[in-house]
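A.B. asks:
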Amino acid sequence: MARERSLEEALTSGREDVSIPNAIFDESGNFLLYGTPFGIKVLNLVSNRLARWLGFGESSERFLRLALFQGTPSRGVSLMNGAEQAQEEADPAVIATSFDRQRLFIFSRSEPGEDGGETGRDVFNEKVLPAGGGRRPRRNADGTAADEKEDDQDWEKDSGLPESLILQTSLGDIHLKLFPKECPKTVENFTKHAKNGYYNNVLFHRVIKGFMIQTGDPRGDGTGGESVWGGEFEDEIRRHLKHDRPGVLSMANAGPNTNGSQFFITTVAAPWLDGKHTVFGRVTKGMDTVTSIERTKAVKDRPVNPIKIISISIE
73 MARERSLEEA LTSGREDVSI PNAIFDESGN FLLYGTPFGI KVLNLVSNRL ARWLGFGESS
133 ERFLRLALFQ GTPSRGVSLM NGAEQAQEEA DPAVIATSFD RQRLFIFSRS EPGEDGGETG
193 RDVFNEKVLP AGGGRRPRRN ADGTAADEKE DDQDWEKDSG LPESLILQTS LGDIHLKLFP
253 KECPKTVENF TKHAKNGYYN NVLFHRVIKG FMIQTGDPRG DGTGGESVWG GEFEDEIRRH
313 LKHDRPGVLS MANAGPNTNG SQFFITTVAA PWLDGKHTVF GRVTKGMDTV TSIERTKAVK
373 DRPVNPIKII SISIE
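According to our numbering, the sequence shown is numbered sequentially starting from 73.
1) Skipping 5 residues on each side, what residues in its chain have a beta carbon closer than 6 Å to that of Asp-187?
2) Give every residue of the same chain whose Cβ lies closer than 7 Å to the Cβ of Ile-309, excluding the five residues on either side of it in the sequence, and list them in chain order.
3) When we look at the beta-carbon of Phe-97 and count the other beta-carbons within 10 Å, is it buried (16 or more) or exposed?
4) Can you have a look at Asp-223 and say buried or exposed, based on whether 16 or more other CB atoms are within 10 angstroms of its CB?
5) Kindly identify the DSSP beta-bridge partner or partners of Gln-142.
6) Quick check: the Cα distance between Gly-353 and Leu-248, rounded to an integer number of angstroms?
7) Spell out a yes or no on whether the stretch 235 to 243 and the stretch 367 to 381 are touching, meaning 3 or more CB-CB pairs, one atom from each, closer than 8 Å.
8) In or out: Arg-121 buried (at least 16 other Cβ within 10 Å) or exposed?
9) Along the alpha helix (DSSP H) that carries Asp-360, what are the first and last residues, could you check?
10) So, helix, strand or coil for Leu-345, using DSSP?
11) Between Ser-119, Phe-171, Phe-128 and Asp-163, which lies nearest to Arg-137 when the distance is taken from Cα to Cα?
12) Could I get the ranges of all uninterrupted beta strand (DSSP E) runs contained in the stretch 268 to 344, with 3 residues as the minimum, in chain order?
13) Spatial neighbours of Phe-336 within its chain, please: C-beta separation below 7 Å, excluding the five flanking residues on both sides.
14) Where Ile-386 and Asn-261 are concerned, what is the direct C-alpha to C-alpha distance, given to the nearest angstrom?
15) Using a 10 Å radius around the Cβ and a threshold of 16 neighbouring Cβ atoms, would you call Asp-99 buried or exposed?
16) Just mark Ala-326 as buried or exposed, buried being the case when its beta carbon has 16 or more other beta carbons within 10 Å.
17) Out of Asp-289, Ser-91, Asp-316 and Leu-233, state which residue places its alpha-carbon closest to the alpha-carbon of Leu-275.
18) Could you tell me how far apart the beta carbons of Val-118 and Leu-140 are, in whole angstroms, since I believe they sit closer than 8 Å?
19) Per DSSP, Pro-375 is paired with what?
20) Please report the residue range of the beta strand (DSSP E) in which Asp-245 lies.
21) Alpha carbon to alpha carbon, how far is Tyr-270 from Gly-303?
22) Classify Arg-87: buried if its beta carbon has 16 or more other beta carbons within 10 angstroms, exposed otherwise.
23) By the 10 Å Cβ neighbour count, where 16 or more other Cβ atoms means buried, how is Gly-22 classified, buried or exposed?
24) Using DSSP bridges, identify the partner residues of Leu-237.
25) Given this structure, state the Cα-to-Cα distance separating Ile-112 from Ala-370, to the nearest angstrom.
26) Closer than 8 Å by C-beta to Phe-103: which residues in its own chain qualify, once you throw out the five before and the five after it? Chain order, please.
27) Taking the straight line between their C-alpha atoms, what separation do you get for Gly-332 and Glu-306?
28) For Arg-317, count neighbouring C-beta atoms within 10 Å of its own C-beta (all shown protein chains included) and say buried if the count is 16 or more, exposed if not.
29) Using CA coordinates, which residue listed in Thr-108, Gly-101 and Val-300 is at the minimum distance from Asn-94?
30) Measuring from the CB of Val-355, is there a heavy atom of the ligand FMN at a distance below 7 Å?
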């Protein structure tokens, strides 16, 4: 109950960044929704029974403010090919905030990926912003503030960084070719972490069949990791480096210029990620290992049997 005590202290001290918990009714007035230390309760006031318990498995979350959408969207959803698909059936959604989390949680009856196809940004690093809000200042390799402008001529220079390595996993080896000339900071970050053992015993925490495998978070849950310089660093997106095939090595992020330590390898072409994620390498051998990881049994995209990076060898 430590989180509950922390919440109580934050509320009594008047912290402006902490929302006061609320309770809401559905449109019929028959159901009451409110946050508890163990998730969101949906109480049937007619039968006085618990109708549903949302987010029960999110043991680290203390949900505070709630909002409920029960209508049917009046506008179609634009797909990438320009077509529109009307949402004819209502899909109630509960939107919630959580204590000390700078993100929203949405609970719906739809499974991720059921609608929208490739319209979403489905590879991300759920990095928590520093206390007080705002983004950590981006840093260059020498620790100085990063320039917002991208110099396309910089990547033409010889960086002197490693150009290949072997990712040794609990299911086999993955050989990777790196692009140090095009993405020197990204490759430097990746290879220094590798040399320092930062990735050793780190789990593949997110695996999606027909899409990608993701790892690089020491916490193993998608919320951790940082660059070798501390905090985040800027994108190195090049037009000629695309997510155009299986085996593309790319950085996971939470938006522009928020790279840390997490990365992913595609198992299909994923052109909707172009321009959003830094492509800094490619699998040259061991795609069968990538496929084995991709096809492992997973619950909510998390492998049932843990798969981890054993070590990384720089060639």
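Quick reminder that beta carbons are idealized off the backbone N, C-alpha and C, glycines included.
C.D. replies: Walking through what the data contain:
1) Residue confidence for Asp-187 is low, a pLDDT of 49 falling below 50, so the modelled location carries little weight; the figure read from the coordinates is stated next. No residues qualify anywhere along the chain.
2) Gly-347 and Thr-350
3) exposed
4) Below a pLDDT of 50, predicted positions are generally treated as unreliable, and Asp-223, at 44, falls in that range; the measurement from the model is reported next regardless. Exposed, because fewer than 16 other Cβ atoms sit within 10 Å of the Cβ of Asp-223.
5) Beta-bridge annotation (DSSP): Gln-142 is not paired with any residue.
6) 7 Å
7) yes
8) exposed
9) For Asp-360, the enclosing alpha helix (DSSP H) stretches over residues 359 to 366.
10) helix
11) Phe-171
12) 278 to 280, 284 to 287, 320 to 323 and 335 to 338
13) Val-195, Met-284, Ile-285, Gln-286, Ser-322 and Ala-324
14) Looking at the backbone, the Cα of Ile-386 and that of Asn-261 are separated by about 13 Å.
15) Residue identity differs from the one stated: residue 99 is Glu in this sequence, not Asp. By the neighbour-count rule (16 or more Cβ atoms within 10 Å), Glu-99 is not buried but exposed.
16) buried
17) Nearest C-alpha to Leu-275: Asp-289.
18) Val-118 to Leu-140, Cβ: 17 Å. No contact.
19) Ala-370
20) 244 to 250
21) In this structure, the CA atom of Tyr-270 is about 15 Å from the CA atom of Gly-303.
22) exposed
23) Given a span of 73 to 387 for the chain in the structure shown, any question on residue 22 remains unanswerable.
24) Leu-248 and Ile-386
25) 25 Å
26) So the list reads Phe-97, Val-114, Leu-115, Asn-116, Leu-117 and Ala-123, once near-sequence residues are dropped.
27) 9 Å
28) Burial check for Arg-317: the Cβ neighbour count within 10 Å stays below 16, so the residue is exposed.
29) Thr-108
30) Although the ligand FMN was asked about, the structure shown includes no ligands whatsoever.
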